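Trainee:
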Amino acid sequence: MADITFEQLESKVRELAVDKPNHVYFRGGYAICRYNADDRQSGCIFGQAFAALGVRIVTEMEGTSIGAVLDWLGVPFSVEQGAWARIVQFRQDQQGTWMEAIREADAFVADL
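Quick note on the numbering used here: the sequence shown kicks off at 20 and runs consecutively.
(1) Our contact map puts Asn55 next to Gly62 with C-beta atoms below 8 Å; I'd like the distance itself, whole angstroms only.
(2) Give me whichever residues DSSP pairs with Val43 in a beta bridge.
(3) Whose C-alpha, out of Gly66, Val94, Val74, is nearest the C-alpha of Gly82?
(4) For Ile106, is the classification buried or exposed, using 16 other Cβ atoms within 10 angstroms of its Cβ as the cut-off for buried?
(5) Whose C-alpha, out of Glu123, Met118, Gln108, is nearest the C-alpha of Ile51?
(6) Within 10 angstroms of the Cβ of Phe45, are there 16 or more other Cβ atoms? Answer buried if so, exposed if not.
(7) Just confirm the distance between the C-beta atoms of Ala102 and Leu131, as a whole number of angstroms; I'd bet it's less than 8 Å.
(8) Using a threshold of 8 Å, state whether the C-beta atoms of Ala36 and Ile64 are closer than that.
(9) Taking the C-alpha atoms as reference points, what is the distance between Glu79 and Trp91?
(10) Just tell me which of Asp22, Ala21, Glu26 has its CA closest to the CA of Phe96.
This is the structure in structure tokens:
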């Protein structure tokens, strides 16, 4: 479906974290985190990365895990890449800064 690789997505996520290391995702009053930006919130780190890569996430995928979105898009990923993405998403959703999310995911994957 999407013509991107996990490596491209990871690179864009890292770029966003470097550009805004202290950014904390704000849900805009939604009960769940959202990939796509709207007038209430700017989209999560993965949503912003997908948008920068020209990939729009359909509304039905809002609130689903990054692994489910990658599967839906047909983006192959390894066990380590999946773990990295899930940790980045989890940490961000728990109000960690984007750079904290990257560091935590990197540390976890390094221990695999």
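The C-beta atom is built at its ideal place from N, Cα and C for all residues, glycine as well.
None of these values were measured; they are calculated from a predicted model.
Mentor: The structure says:
(1) Rounded, the Cβ-Cβ distance is 6 Å, consistent with contact.
(2) The partner list for Val43 (beta bridge, DSSP) reads Thr116.
(3) Distances from the CA of Gly82 to each of Gly66, Val94, Val74 were compared; the closest alpha carbon is that of Gly66.
(4) Buried.
(5) Of the candidates Glu123, Met118, Gln108, the one whose C-alpha sits nearest the C-alpha of Ile51 is Gln108.
(6) With fewer than 16 Cβ atoms within 10 Å of its Cβ, Phe45 is classed as exposed.
(7) Yes, they are in contact, since the Cβ atoms of Ala102 and Leu131 sit about 7 Å apart, within 8 Å.
(8) Yes, these two residues count as a Cβ contact at 8 Å.
(9) Within the model, the alpha-carbon separation for Glu79 versus Trp91 is close to 11 Å.
(10) Relative to the Cα of Phe96, the nearest Cα in the group Asp22, Ala21, Glu26 belongs to Glu26.
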